[in-house]
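Everything on this sheet refers to the single structure shown next.
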Amino acid sequence: MRNFRFTASDGFDSDIDLTDTKLGALLNAVNPDLSRFQGRGGKLIHYHGWSDPDITPLNSINYYESVVKVQGGDVHASTQTFYRLFMVPGMWHCAGGPGATTFDMLDPLDEWVEKGRAPERVIASHVANGKTERTRPLCPYPMEAQWKGTGSTDKAANFVCAAPKP
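The working numbering applies: residue 9 is where the sequence shown begins, and numbers increase by one.
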């Protein structure tokens, strides 16, 4: 890294390769082997907006699926003991958007770490002009929120987390 200066760029193509070679191992979070993290009792909550215009939400799903594969196959159960991915409908990059994009992931993480209760759903709300207009559950991937068929579609209580319908 001694000879690398970001101000002396000689072109996009060569600089990307150089940066990946010199810094990739330190900065890239792409290794799906989380066994050491899991072995130390680590818990991970990861979320991504389905409407993210900057980073495709498929990156997060692909990473999650690669962790599942390293964990031993196509069964999500072993991965869900320490890692949960929540996809947020209508959320842009990290926040905002037309969906229910106001939520707290810190309290569910604390409950999981301190009390062993993994989040089965996280309630999110859509707030406009300081008023909550609707709520929805965010579900651990691959589950999704599905309306029960009765009650207001603006209330999270009228939704269940279930496997996607074919």
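Glycine included, every Cβ here is placed at the ideal spot set by N, Cα and C. The structure presented is a predicted model; accordingly, all values stated were derived computationally and were not measured.
Cα-Cα separation, residue i to residue j
| i | j | result |
| --- | --- | --- |
| E141 | R44 | 42 Å |
| W100 | T29 | 31 Å |
| D23 | L31 | 11 Å |
| E128 | I63 | 26 Å |
| V76 | M95 | 16 Å |
| P145 | K156 | 12 Å |
| A132 | D25 | 40 Å |
| E73 | K139 | 37 Å |
| C102 | T110 | 10 Å |
| V168 | E119 | 21 Å |
| A171 | P150 | 7 Å |
| Q154 | A164 | 10 Å |
| G105 | P148 | 20 Å |
| N36 | S86 | 24 Å |
Collapsed DSSP secondary structure at residue i in the structure displayed
| i | result |
| --- | --- |
| A170 | strand |
| A136 | strand |
| I69 | helix |
| E119 | helix |
| G47 | helix |
| M9 | Annotation note: pLDDT 49 at M9 (below 50); position unreliable, coordinate value reported separately. Three-state result, M9: coil. |
| I24 | helix |
| L34 | helix |
| L114 | helix |
| G57 | strand |
| T143 | strand |
Whole-Å CB distance - residue i paired with residue j, under 8 Å assumed
| i | j | result |
| --- | --- | --- |
| Y91 | L52 | 4 Å |
| S59 | G107 | 7 Å |
| Y71 | P40 | 7 Å |
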